[in-house]
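Under this note's numbering, the letters of the sequence shown match residues 4 to 183, in that order. From the three backbone atoms N, C-alpha and C, an ideal C-beta is built for every residue, glycine too. In what follows, a structure is listed as structure tokens, so that the remarks can point back to it.
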Amino acid sequence: MARDYVKKGKPPTRGKKAEVVEPAPKRSNKLLFLGLFTLCLIGGFAYFLISIQGSAPEVEVKVVKDKAKEKPLPPLPEEKWDYVKALENKTIEVEVPEKVKSNKKYQMQCASFRKLEQAESMKAQIAFAGLVANVRKTTGSNGDWYRVVLGPYDTKRQAEADKHKLKRSKIYTCQIWGWT
4 MARDYVKKGK
14 PPTRGKKAEV
24 VEPAPKRSNK
34 LLFLGLFTLC
44 LIGGFAYFLI
54 SIQGSAPEVE
64 VKVVKDKAKE
74 KPLPPLPEEK
84 WDYVKALENK
94 TIEVEVPEKV
104 KSNKKYQMQC
114 ASFRKLEQAE
124 SMKAQIAFAG
134 LVANVRKTTG
144 SNGDWYRVVL
154 GPYDTKRQAE
164 ADKHKLKRSK
174 IYTCQIWGWT
């Protein structure tokens, strides 16, 4: 069985006992002596500081003027390297190829639903991101589908920019495909 070893206070007494008054502690003479000694030390230190205040002789500082002139610096040597001047005046012509215009167009499909209401809901979310989407109905062998499509885009870079815009709006399901 568990046992509690913590002391539980004294049990109450049945009868009242007379209160014992303890005598007040006597002041220690040691404490009084220590205080007087400390006061004497502080006073002695203050007297010492006051007595030595004006006793230090002033020392004259002699200013030594250098009559000899300093040696002048030698002239700067001429630069051995001429590439610094050559690089300052050199011009470099870079041939930048023009952007190759692609005939291929791109589209981005973000979702495909069985119900028109779901497709319209996704279109509204895309509209909140600041883009315009279209809902296209396609009929396949397994029924009607409503696709949410953005585009056409002239370059894939434009499509990627819009895809990043949608990702910032927490729409992660978009894919970029060639225009059909």
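Reference residue i, options the options, closest by Cα
i: Q178; options: P26, R171 and A162; result: A162
i: L169; options: A132, N137 and G181; result: A132
i: W148; options: A27, V23, C43 and Q121; result: Q121
i: M125; options: K173, W180 and E73; result: K173
i: D165; options: T141, G143 and I129; result: I129
i: G181; options: K140, P100, N106 and G143; result: N106
Residues near residue i by beta carbon distance below 8 Å, same chain, minus five either side
i: G146; result: R117
Whole-number beta carbon distance between residue j and residue i, since they are thought to touch under 8 Å
i: V135; j: V151; result: That belief does not hold up - the Cβ atoms of V135 and V151 are roughly 11 Å apart, past 8 Å.
i: A114; j: T176; result: 6 Å
Other residues of its chain near residue i: CB distance less than 6 Å, five sequence neighbours each side excluded
i: L119; result: Y149
Problem - Stretch pair the stretch 145 to 162 + the stretch 102 to 121: three plus CB contacts closer than 8 Å - result: As far as the Cβ criterion goes, the stretch 145 to 162 touches the stretch 102 to 121, which means the pair count is three or higher.
Handout entry: Every unbroken beta strand (DSSP E) inside the stretch 46 to 129 [3 residues or more]
Key = Those beta strand (DSSP E) runs which fall completely within the stretch 46 to 129 and span 3+ residues are 109 to 116.
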